[in-house]
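**Student:**
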Amino acid sequence: MTRGIGFAVAALVFVIDQVTKLLVVRALGVDLKFVQTLIGQKLGLDGLNHVQEVLPIFDLRFVANIGVSLGLFAANSDATRWLLVALTGAIAAGVVWWMFRERKLPDICALGMVLGGALGNILDRARLGFVVDFADLHFGAWRPFLVFNVADAAITIGVLILLIRALLVRDKAAGDSPAAVENEVNA
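Residues 27 to 213 (the numbering used here) are what the sequence shown spells out, left to right.
Right under this line is the structure:
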């Protein structure tokens with residue numbers, strides 16, 4: 027039951043991520059086929075400027091992200107693209123393995139957030155050749171964050187929850203009685 031909740035969290039994150047990307051692409055009038063052509067022909071995306079202010083501190087800004095976090099490992103070829111898909115797929119498989127080994131519901135839910143976000147970005151990269159980013163949080167000219175999406179936010183929040191719990195909250199394994207562990211797994 028507990029792991030089912032983690033997979034439900036993953037599914038929810040995945041669906042919200044994909045739906046928000048679809049809605050933003052439509053709202054900004056982005057032609058994804060045209061973007062794919064520009065990327066495929068290595069023409070660059072400098073002429074594309076799809077931005078809509080939502081709040082003074084938040085814009086919808088289309089970015090075709092061919093790299094991963096912080097623009098690292100840009101997939102400038104199909105081989106690199108599929109290597110990134112395989113690498114992130116292996117990481118997602120590792121998260122699933124961790125979910126099956128984990129006993130604590132908060133950690134399972136955090137892993138579900140990471141898994142759902144990873145799968146959302148993997149689908150984009152496999153289907154489009156890039157990840158759709160759109161959330162631009164800023165304070166005037168100061169932009170403390172790169173443009174991101176729901177998947178990125180879920181991955182970041184999930185990892186932060188895991189880190190905080192590992193450093194500050196996690197019970198010592200020696201303090202867990204076998205009965206308590208059994209109750210957590212069956213919860």
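Backbone N, C-alpha and C define an ideal beta-carbon position, used for all residues, glycine too.
Using a 10 Å radius around the Cβ and a threshold of 16 neighbouring Cβ atoms, would you call Asp104 buried or exposed?
**Tutor:** By the 10 Å Cβ count, Asp104 comes out exposed.
**Student:** Among residues of its own chain, excluding the 5 on either side of Ile42, which ones have a beta-carbon nearer than 6 Å to its beta-carbon?
**Tutor:** Counting only Cβ-Cβ distances below 6 Å, and skipping sequence neighbours, we find Val176.
**Student:** What span of residues does the beta strand (DSSP E) with Arg87 cover, start to end?
**Tutor:** Counting along the chain, the beta strand (DSSP E) containing Arg87 begins and ends at Phe84 to Asn91.
**Student:** To the nearest angstrom, how far is it from the Cα of Phe171 to the Cα of Arg129?
**Tutor:** Between Phe171 and Arg129, the C-alpha separation is close to 33 Å.
**Student:** Between Val132 and Arg169, which are expected to be in contact by the criterion C-beta below 8 Å, what is the C-beta distance as a whole number of angstroms?
**Tutor:** Residue identity differs from the one stated: residue 132 is Pro in this sequence, not Val. Their Cβ separation, rounded to whole angstroms, is 31 Å, which puts Pro132 and Arg169 out of contact at 8 Å.
**Student:** Kindly identify the DSSP beta-bridge partner or partners of Val158.
**Tutor:** Paired residue(s): Ala90.
**Student:** Which runs of the alpha helix (DSSP H) spanning at least 4 residues fall entirely within the segment 105–144, listed in chain order?
**Tutor:** The segment 105–144 contains no whole alpha helix (DSSP H) run of 4 or more residues.
**Student:** Short of 8 Å in beta carbon distance, which residues of its chain neighbour Phe165, apart from the five on each side in sequence? Order them along the chain.
**Tutor:** Around Phe165: Ile83.
**Student:** Three-state secondary structure (DSSP) at Val80?
**Tutor:** If DSSP states are grouped into helix, strand and coil, Val80 belongs with the strands.
**Student:** Put Leu163 into one of helix, strand or coil per three-state DSSP.
**Tutor:** Three-state DSSP puts Leu163 in a strand.
**Student:** Starting from the Cα of Arg151, find the closest Cα among Met139, Val111 and Asp159 and give me that residue.
**Tutor:** Comparing Cα positions, the closest option is Val111.
**Student:** Quick check: the Cα distance between Ala118 and Ala144, rounded to an integer number of angstroms?
**Tutor:** Their backbone Cα atoms lie some 6 Å apart in a straight line.
**Student:** How big is the Cα-Cα spacing for Leu149 and Phe60?
**Tutor:** Cα to Cα, Leu149 sits roughly 19 Å from Phe60.
**Student:** On the DSSP bridge assignment, give the partners of Phe174 in chain order.
**Tutor:** Per DSSP, Ala161.
**Student:** Roughly how many whole angstroms lie between the Cα atoms of Gln62 and Met125?
**Tutor:** One C-alpha to the other measures close to 35 Å.
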